[in-house]
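Numbering (this note's numbering), first residue to last: 16 to 389.
Notes follow once the structure below has been shown.
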Ligand SMILES: [Zn+2]
């Protein structure tokens, strides 16, 4: 017996779609479904349906002292079915993180910080003794379903006097681990943007890609995208938004779009403070900021579904396809006027709001009762 059928959802390209689910998987997908099920929800063409949203840069280990949050506060509560913690924990701490993350309603995965301590202080890569490859390999071997990549924060406050050295170790570690992508954060220098980008390969990820910093991809004097950023983008380095408290700037995003440099994934870099007090709030708000930059909904949704799933080898997520995980986000758009603020205090007003109303994870519906009212 089918557990759940969602009927007549709208897709971002304007079609109607119905999805049937059973035992946590998608059983059928069609423009029209008329079978029996334990529960049938008819969206009547009024609401959008997409594969479950994936936020590929968050901080959600609530045992960590600085950047922490509860997975479900940034996950299912916000219409997000899958979150990827980006390096809060390292070899010493990631197993304990897994032990409590697995109880969340939201799917939680992790990128392992190359520093064994994770982010217990801002400068986790200032002491190279903390980068122990054997310990990282052991953790990845033990938790292959949980650890989906590596994380190295490559900015002055994190690396101290070590420059690009931690990145070279990260690349070496990555080569021993096979197919795991490496996410690198940029900020103040050293290391310079060039030193970072020149060491990244196709499918490696540059996060905080639209920050407004001197060492970012936008030349602050000429207001052009730096040649080395264009070159890396063309080589296949993936650009990830990673909004964060300090790392999203409307002007950088706009100039990047003009230079045909698009983000591969939209992520928040959310944790409790920038969720509660802004400027992040949630993934939908970050998506609205890309909308106001000029991206269409049809461009934005793949950046939080299929692109993120493919990036981190989540082979049963990211699409509404038979046999895939029954992870779905239902949302609506509304006309309105909402002030959006970037990490530098610049404001833009969007006339189109993105409002998630339901996250379905493995066939379980999390909607605060909303769907029973429609
Ligand atoms: Zn982060």
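Glycine included, every Cβ here is placed at the ideal spot set by N, Cα and C.
- Of 163, 260, 268 and 206, the smallest CA-CA separation from residue 235 is found for 268.
- Residue environment for residue 16: exposed (fewer than 16 other C-beta atoms within 10 angstroms of its C-beta).
- Put simply, the backbone Cα of residue 217 is about 9 Å away from that of residue 248.
- For residue 322, there is no enclosing beta strand (DSSP E); the enclosing alpha helix (DSSP H) has its first and last residue at 321-326.
- Secondary structure remark: continuous alpha helix (DSSP H) runs of at least 4 residues inside the segment 172-227, in chain order: 180-192 and 208-212.
- Our two residues, residue 288 and residue 297, have alpha carbons roughly 11 Å apart in a direct line.
- Secondary-structure assignment with DSSP links residue 265 through no beta bridge to anything.
- When secondary structure is reduced to three states using DSSP, residue 300 falls in the helix class.
- Residue nearest to residue 115 within the set 142, 141, 134 and 86 is 86 (criterion: CA-CA distance).
- It is roughly 42 Å from the alpha-carbon of residue 251 to the alpha-carbon of residue 55.
- Following the DSSP letters along the chain, one finds residue 86 inside the alpha helix (DSSP H) bounded by residues 86-89.
- Inter-residue distance for residue 129 and residue 122 is about 23 Å (C-alpha atoms, whole angstroms).
- In the displayed model, residue 16 falls within coil according to three-state DSSP, outside both helix and strand.
- In this structure, DSSP gives residue 72 an extended state, which the three-state scheme calls strand.
- Residue 22 is positioned such that its CB atom lies closer than 8 Å to that of residue 48.
- Rounded to the nearest angstrom, the gap between the Cα atoms of residue 256 and residue 59 is 33 Å.
- Rounded to whole angstroms, the separation of the alpha carbons of residue 192 and residue 314 is 32 Å.
- Remark: C-beta atoms of residue 264 and residue 359 approach each other more closely than 8 Å.
- Inter-segment contact for the segment 371-378 and the segment 339-352 is present: three or more beta-carbon pairs are separated by less than 8 Å.
- Of the candidates 278, 210 and 136, 278 places its Cα closest to the Cα of residue 226.
- Annotation for residue 353: 365 and 368 place their beta carbon closer than 6 Å to its own, counting only its chain and skipping 5 residues before and after.
- Spatial neighbours of residue 331 in its own chain (CB-CB distance under 6 Å, excluding positions within 5 residues in sequence) are listed in chain order as 339 and 340.
- Residue 257 has its Cβ nearer than 7 Å to a heavy atom of ligand 1.
- Within its own chain, the residues whose Cβ lies closer than 6 Å to the Cβ of residue 163, once the five positions on either side in sequence are excluded, are 124 and 327, listed in chain order.
- Residue 127 is positioned such that its CB atom lies no closer than 8 Å to that of residue 141.
- Taking the CA atoms as reference points, residue 320 sits about 9 Å from residue 281.
- The nearest non-hydrogen atom of ligand 1 is 7 Å or more from the C-beta of residue 287.
- The C-alpha of residue 336 is placed about 14 Å away from the C-alpha of residue 317.
- In the structure shown, the three-state DSSP call for residue 51 is coil.
- Taking a C-beta distance under 8 Å as the contact criterion, residue 67 and residue 96 qualify as a contact pair.
- Every beta strand (DSSP E) stretch that sits fully inside the segment 306-389 and reaches 3 residues is listed by chain position as 343-356, 362-376 and 379-381.
- In this structure, the beta-carbon distance from residue 143 to residue 187 does not fall below 8 Å.
- In the DSSP secondary-structure assignment, residue 164 is bridged to 126.
- For residue 52, the closest C-alpha among the options 254, 221, 34 and 139 is that of 34.
- Nearest to residue 295 by C-alpha distance, out of 310, 275 and 261, is 261.
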